[in-house]
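J.: What follows is a single structure, and I will ask about it in a moment.
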Amino acid sequence: MKFTAEQLARSMSRISGPFAVMLLVALALWPALRRPVKADERAASPLPLVYASPLELQLSPDGARLYVLCQQTEEVRVLDARTYAAVKAIPVGHVPRGMALSVSGDRLFVTNSWDDTLSVIDTSALAVIATWNVGAEPSGVVEDRAGNQIFVANRISNDIAVLDARTGVEKKRLLAGRGASYLTLSPDGKRIYATHVYPNATPHRTAPASEITVIDTERAMVVERMPLPGVAGVFHLALSADGRLGAAAEYHPKNLIPLAHLEHGGAFAYTLTLFGADVGKPVEIPLDELERYASQPFGVAISPDKSRLYVTAGGSECVLAIDVARLLRFVHTRPRPASGSFANDLSASANYIVTRIPVGHNPRGLAFSPDGHRLYVANRLEDTISIIDPRTNRVTSTVALDGPKVVSALRRGEQTFYTARYSFQGQIGCASCHIDSTFDGLQWDLEPDGFGRDIVDNRLIEDLKGTEPFKWNGGNPDIPTECGPRTEMYFWRSEQYDGRVLADLALYMRGLPARPNRWRLPDGELTPSQERGKALFERAVDRFGKPIPETNRCSYCHSGPKGTSQKSFDVGTKKPTDNSGLLDTPQLTNTALTAPYLHDGSARTLEEIWTVYNPEDKHGRTNDLTKDELNDLIEYLRTR
Amino acid sequence: MMKSVHNRAWAMLAVVACLWLAVPQGIAAQKTPAKNVAATAQRPHRLAAPQMPLFRFENFTTQNGLPDNHVYAVLVDGDRIWAGTENGLAVYENHAWKTYTTKDGLAHRAVLSLALDKRTGDVWAGTMGGLSRISAGRIESYTQLNSGLSNDVVYGVSVEGDNVWVATAAGACSLNQHTGQWSLYNERNTPMIEIWVYGVSAAADKVYFAVWGSGLLELDQTTGRWDKYEDPDGETELVLFKDQGLIHEIVSSVSYVDKIVWAATYFGDSRYDGRYWHNFLTKDSGLPSNFTNFVKGVDANRAWFCTDKGLAYYDGTNWAVYRPSLTDGKPEMTVRDAQGRVTSIPVTTAPAHNYMLGIDFQGSDIWVATAKGLSHGIFQHQGNPTEVKEKN
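Here it is, written out as structure tokens:
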């Protein structure tokens, strides 16, 4: 029941005195007094609905149970793997991301990416028996076969923690790639393969580079870093049961050329890197086809008999089925490019992709039943599990998880964010560059400013409210402008959003929260170094006692709770390729995570903003600072 | 100077020999088993030199794979040997050398110091242009421009727990590998007067810094308290108060092992047990020179000293010196016992050069960085009780 202002005014004119007051009070309390709403009503209301959002799947060793990691409801749902009946829902920590079973299946490990904890679940009792502290934004997890050590990939600290499997005590951390996220134990248990979602640092305006980090399980040491040239964004990795074939799902962005070439395959290739005895030297093969892309590959599974390889394409809403024998034939017979990569050969995939299997919104994790007769796929933004028969490559059933039966505007916005359906040949979606709704660590050459002009660094999109305008030149006053016609014209080059789709997308964008800041102390206090840095950030006088003009203080441009005055300034960072030096003041939200820095990503670290790119003190008065003071200033900025 | 010391030693040796002849032979035999010092049979007297490790040296230069003969630092990592040279970081594995250069991401071609993170296997290299981390072939470099590193000239590096401790030409600093936070230590927040920090040695309880001109600095990790150890006589050229403190202000290297500090200076060396100092000078020890570039303790009692006139080993009582002869370049080994008796041990090999810059241990073997090549000292005495084992 709703009132319009006109209806309310008409009613009030007929009612007077205390009764009118009572009515007003009742109206004010109305939301609290009204009956429980139905789902379809709530879908239209601003109250967020909580969806299961299944992200990862695990089968128990006997194949009887299916463990479903539900990211939004923050629980592991246990299903009967044959009837799909719900057995139990086990609450875990905040924003769970990774899940793995012990070899015997007696313990299930879940990483909670916003809590920085690991939940240990007893699979007999179906209850959490321990919660251990781990590193920043834990993601992938595996236990070694001996049950001695647990390995956890920490996305923010870019490392892999090694824990004592009995006590959870961290023994050490191994350097991994930037955004360390997914771990795979080799079938013989001797090696762990780690991937990472952001590229490792490379010189400015050179091709990105990533790696597969190979760990000796027993020694818990990195023994190899398999290079992935040109790759930025590596997700799950699978190994065949005989250990001879490995495959990692990855993005191969083409960010060194103008994005105008989307029509010519110029934005992304989505690929697998194959390695192992079956292929010899690692080789990169495309998943894209001539006129349709396999956007945002995520999960990989190889059938127990090694006849098929499956990849979920989150943005394309499908599962790719690959014939392994044909794939290996291709790899061994097709002359390899000098780069070792077939990423740009859109004709290649016809040689090994058998079919695309349509599934739900944003398919992510997938898992085989032990006998290989069923392939389970988690459709994250649809709250369903697709069950595929690998013999026919068809979905035999779709299991709906408990939860809201309607799709809210927020949910629709998230679906729009992740899908590639709006772009030319389904090549990219927002999430192609904003991995897991964050960023990609890359710099792009967008068309509106001219080819080769105004190279821009991709910015974080957390907690955007109060940070308008958008774009580095401040040209987009609000999210609908940022995400609307210009995106459609210069990014998608295809279908136009209708008004509702854009409104939903803007709603989702506005609601993206900031991840917890890992540099702040739990009590909110600042360390002595951070406190000194804060004073420098806010100072009005330099070390020689000379007043710093207000416009040249850190806190002037980077003002307010988000660290932006929402105005543009020229801070002396204009490059010869830039059309203007006037730049939007970027917000400081979680700035520690977003290297590289400056509008074009030329500063590889926070330090370089001032040690290299501020020779004339136009980007704040900083050249009087000692090294100690600059370090303090940076320690403070990391808390923002 | 050396000659007078030698003469005095022989004179003392003669006196001691007379006394020794009066001692029951059974006791003497117990103390010096004949089999251990075969070379003494050739000597014109009946004294046995103390058992000291005998090595066969194999030397590496540019002739057999090293990128440069100026080797500033050496690090043993299991079967791998890392050599920090003036022209790259070389690693010896499976009988072959591989060199990392700035093209691979190394901060600078001249590698001055090396440290191993034993937990992860990562190698940290201090260079003339920053600090590099070599992790399974991937190199990340930290400079004063791109990080919180205090200065690009990194003389020393040490890894303890999650922290990397760094000695630079502008103070010391540490990097917390978990948080990425750099902490700087200099004249503003420590008792450091000069800021040329030449060496650092870190353990869980304490961190020691060798500061050129500012003595030895101690950071107690549990309390955060700093202590400073200086030459008590304050005289650069004199030692007025021997064993009453650090031998000299110009400290070039420090090694903290088994809660014992071994400090090297350009004017002698020191051992400190937290209460008592014991200093070493050429005039009263087996040191071949007071000018010491590097020291590495084996344990609380034993240490190796890299001087400009040879490599010295101290076993807590006796000394051995390994070098090419200063006069004719021929291989030379001398042993000095507690009484100051110096014995020449016939050897056929020697380290590549007298000017020693670094040492590390590989089981009973040693690897030595010199100004003209890298030397592998292959232990010869089987079952020798002075077996070298790294403790730190």
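Chains as they are written, first to last, in my numbering: chain G, 161 to 800; chain R, 9 to 400. For every residue, glycine included, the Cβ atom is placed at its ideal position computed from N, Cα and C.
Using beta carbons (cut-off 7 Å, strictly below), is THR754 (chain G) in contact with chain R?
T.: Within the first sequence, numbered from 1, the residue matching residue 754 (chain G) stands at position 594. Not one chain R Cβ lies under 7 Å of THR754 (chain G).
J.: 7 Å is my cut-off, CB to CB: does ASN791 (chain G) come that close to chain R?
T.: Stepping through the first sequence from its first residue, residue 791 (chain G) is reached at position 631. It does: the Cβ of ASN791 (chain G) has a partner Cβ on chain R nearer than 7 Å.
J.: Which residues of chain G have a Cβ atom closer than 7 Å to the Cβ of ALA144 (chain R), listed in chain order?
T.: On the second sequence, position 136 is the one that residue 144 (chain R) refers to. By Cβ distance, chain G contributes VAL382, VAL383, GLU384, ARG385.
J.: Determine the chain R residues that contact LEU278 (chain G) at a beta-carbon separation under 9 Å, and present them in chain order.
T.: As a working mapping, residue 278 (chain G) is identified with position 118 in the first sequence. In chain order: nothing, as chain R lies at least about 16 Å away.
J.: Does GLY145 (chain R) come out as helix, strand or coil in the three-state DSSP assignment?
T.: Within the second sequence, residue 145 (chain R) is the residue found at index 137, counting from 1. Here GLY145 (chain R) sits in coil by DSSP.
J.: When you compare only the Cα positions, how much space is there between GLY385 (chain R) and SER273 (chain G)?
T.: Residue mapping note: residue 385 (chain R) aligns to position 377 of the second sequence, counting from 1. Residue mapping note: residue 273 (chain G) aligns to position 113 of the first sequence, counting from 1. About 51 Å.
J.: Which ranges does the alpha helix (DSSP H) cover as unbroken runs of at least 4 residues, wholly within the stretch 364–410 of chain G, from first to last along the chain?
T.: You should have found no qualifying run.
J.: Taking only beta-carbon atoms, is GLU410 (chain G) less than 7 Å away from chain R?
T.: As a first step, residue 410 (chain G) is located in the first sequence; it is residue number 250 there, counting from the start. Not closer than 7 Å to any Cβ of chain R, the Cβ of GLU410 (chain G) fails to qualify, so no.
J.: Within its chain, find whatever has a CB closer than 6 Å to the CB of VAL355 (chain R); leave out the 5 residues flanking it on each side and keep chain order.
T.: Taking the second sequence and counting its residues from 1, one reaches residue 355 (chain R) at position 347. Counting only Cβ-Cβ distances below 6 Å, and skipping sequence neighbours, we find PRO339, MET341.
J.: For the beta strand (DSSP E) that contains TYR342 (chain G), what are its first and last residues?
T.: The sequence position of residue 342 (chain G) within the first sequence is 182, counting from 1. Its beta strand (DSSP E) spans residues 340–345.
J.: Have a look at ARG344 (chain R) and GLN152 (chain R) and give me their C-alpha separation to the nearest angstrom.
T.: In the second sequence, the residue the question calls residue 344 (chain R) occupies position 336. In the second sequence, the residue the question calls residue 152 (chain R) occupies position 144. Those two C-alpha atoms are separated by around 46 Å.
J.: Any beta-carbon of chain G closer than 7 Å to the one on ARG127 (chain R)?
T.: Locating residue 127 (chain R) in the second sequence gives position 119, where the first residue counts as 1. With 7 Å as the cut-off, ARG127 (chain R) counts as an interface residue toward chain G.
J.: Give a yes or no on whether the C-beta atoms belonging to GLY265 (chain G) and PRO221 (chain G) are separated by under 7 Å.
T.: Residue 265 (chain G) sits at position 105 when you count from the first residue of the first sequence. Residue 221 (chain G) sits at position 61 when you count from the first residue of the first sequence. Their beta carbons are under 7 Å apart, which means GLY265 (chain G) touches PRO221 (chain G) by this criterion.
J.: Taking a cut of 7 Å between CB atoms, which residues from the stretch 300–325 of chain G lie near chain R?
T.: SER317
J.: From the DSSP secondary-structure annotation, give me the bridge partner or partners of ASN539 (chain G).
T.: On the first sequence, position 379 is the one that residue 539 (chain G) refers to. In the DSSP output, where bridge partners are listed per residue, ASN539 (chain G) has G:PRO523, G:THR544.
J.: For ASN522 (chain G), does the count of other Cβ atoms within 10 angstroms reach 16, so buried, or fall short, so exposed?
T.: The residue labelled residue 522 (chain G) in the question sits at position 362 within the first sequence. With 16 or more Cβ atoms within 10 Å of its Cβ, ASN522 (chain G) is classed as buried.
J.: Counting C-beta neighbours from all protein chains within 10 Å, is the total for ILE201 (chain R) 16 or more, i.e. buried, or is it exposed?
T.: Taking the first residue of the second sequence as position 1, residue 201 (chain R) is located at position 193. That one is exposed.
J.: Measure from the alpha carbon of GLY348 (chain R) to the alpha carbon of each residue in R:ALA308, R:SER293, R:ILE142, then state which is nearest.
T.: Here residue 348 (chain R) corresponds to residue number 340 of the second sequence, with the count starting at 1. Comparing Cα-Cα distances from GLY348 (chain R) to each of R:ALA308, R:SER293, R:ILE142, the minimum goes to R:SER293.
J.: Rank G:LEU469, G:THR749, G:ARG242 by C-alpha distance to the C-alpha of THR598 (chain G) and give the top, closest one.
T.: On the first sequence, position 438 is the one that residue 598 (chain G) refers to. Considering only alpha carbons, the answer is G:THR749.
J.: If you pair each beta-carbon of the stretch 677–689 of chain G with each one of the stretch 645–656 of chain G, do three or more pairs fall below 8 Å?
T.: Because the criterion of three Cβ pairs below 8 Å is not met, the stretch 677–689 of chain G and the stretch 645–656 of chain G do not touch.
J.: Tell me whether PRO421 (chain G) sits in a helix, a strand or coil according to DSSP, three-state version.
T.: Residue numbering aside, residue 421 (chain G) sits at position 261 when the first sequence is read from its first letter. Residue identity differs from the one stated: residue 421 (chain G) is His in this sequence, not Pro. Correct three-state label for HIS421 (chain G): helix.
J.: With which residues is GLY318 (chain R) paired in a DSSP beta bridge?
T.: Counting from 1 along the second sequence, the entry for residue 318 (chain R) is found at position 310. BP columns for GLY318 (chain R) point to R:THR315.
J.: Tell me which same chain residues have a C-beta within less than 6 Å of the C-beta of ILE310 (chain G), skipping the five on either side of it?
T.: The residue you call residue 310 (chain G) lines up with position 150 of the first sequence. Within the same chain, ILE310 (chain G) has close Cβ partners GLU303, LEU323, ALA325.
J.: If you measure from the beta carbon of ASP738 (chain G) to each beta carbon in chain R, is any gap under 7 Å?
T.: Stepping through the first sequence from its first residue, residue 738 (chain G) is reached at position 578. Not an interface residue.
J.: Out of curiosity, what's the CA-to-CA distance linking GLU622 (chain G) and THR751 (chain G)?
T.: On the first sequence, position 462 is the one that residue 622 (chain G) refers to. On the first sequence, position 591 is the one that residue 751 (chain G) refers to. C-alpha separation (whole angstroms): 11 Å.
J.: Check the C-beta distance from PRO464 (chain G) over to GLY406 (chain G) and give it rounded, since I have them as a contact under 8 Å.
T.: For this step, residue 464 (chain G) is matched to residue 304 along the first sequence. For this step, residue 406 (chain G) is matched to residue 246 along the first sequence. Incorrect: roughly 16 Å between the Cβ atoms, too far for contact.
J.: Under 7 Å, do ASN314 (chain G) and ALA354 (chain G) count as touching if we go by C-beta distance?
T.: Along the first sequence, one-based indexing puts residue 314 (chain G) at 154. Along the first sequence, one-based indexing puts residue 354 (chain G) at 194. No. Outside cutoff.
J.: Quick check on the DSSP output: what are the complete beta strand (DSSP E) runs of length 3 or more inside the stretch 691–766 of chain G, in order along the chain?
T.: 728–730, 742–744
J.: Is the Cβ of LYS778 (chain G) closer than 7 Å to any Cβ of chain R?
T.: By one-based count along the first sequence, residue 778 (chain G) stands at place 618. Taking Cβ atoms only, chain R never reaches closer than 7 Å to LYS778 (chain G), which makes this a no.
J.: Would you list, in chain order, the members of the stretch 68–91 of chain R that have their beta-carbon closer than 7 Å to a beta-carbon of chain G?
T.: none
J.: To which residues does DSSP link GLY207 (chain R) through a beta bridge?
T.: Locating residue 207 (chain R) in the second sequence gives position 199, counting from the first residue. R:ALA218.
J.: Along the stretch 173–190 of chain R, where does the CB come closer than 9 Å to a CB of chain G? Name the residues.
T.: ALA178, GLY179, CYS181, GLN185, HIS186, THR187, GLY188, GLN189, TRP190
J.: What does a CB cutoff of less than 7 Å around GLN747 (chain G) pick up in its chain, not counting 5 residues either side in sequence?
T.: Taking the first residue of the first sequence as 1, we reach residue 747 (chain G) at position 587. The beta carbon of GLN747 (chain G) sits closer than 7 Å to those of THR627, LYS722, GLY723, THR724, all from its chain and outside the five residues before and after it, given in chain order.
J.: Closest to GLY137 (chain R) by CA distance: which of R:GLU94, R:TRP190, R:ALA123, R:ALA104 is it?
T.: Against the second sequence, residue 137 (chain R) aligns to sequence position 129. Among R:GLU94, R:TRP190, R:ALA123, R:ALA104, the Cα nearest to that of GLY137 (chain R) belongs to R:GLU94.
J.: Find the residues of chain G that neighbour GLN229 (chain R), judging by a C-beta separation of less than 8 Å, and give them in chain order.
T.: As a position in the second sequence, residue 229 (chain R) is number 221, starting the count at 1. Listed by position along chain G, the residues whose Cβ is nearer than 8 Å to that of GLN229 (chain R) form an empty set, because the closest Cβ is around 17 Å away.
J.: Please go through the same chain and pick out, in chain order, the residues whose beta-carbon is closer than 7 Å to the beta-carbon of MET386 (chain G), but skip the five residues on each side of it.
T.: As a first step, residue 386 (chain G) must be located in the first sequence, where it is residue number 226. If we look at MET386 (chain G) and ignore the five residues flanking it on each side, its Cβ neighbours are GLU371, ILE372, VAL374, PHE435, PRO442.
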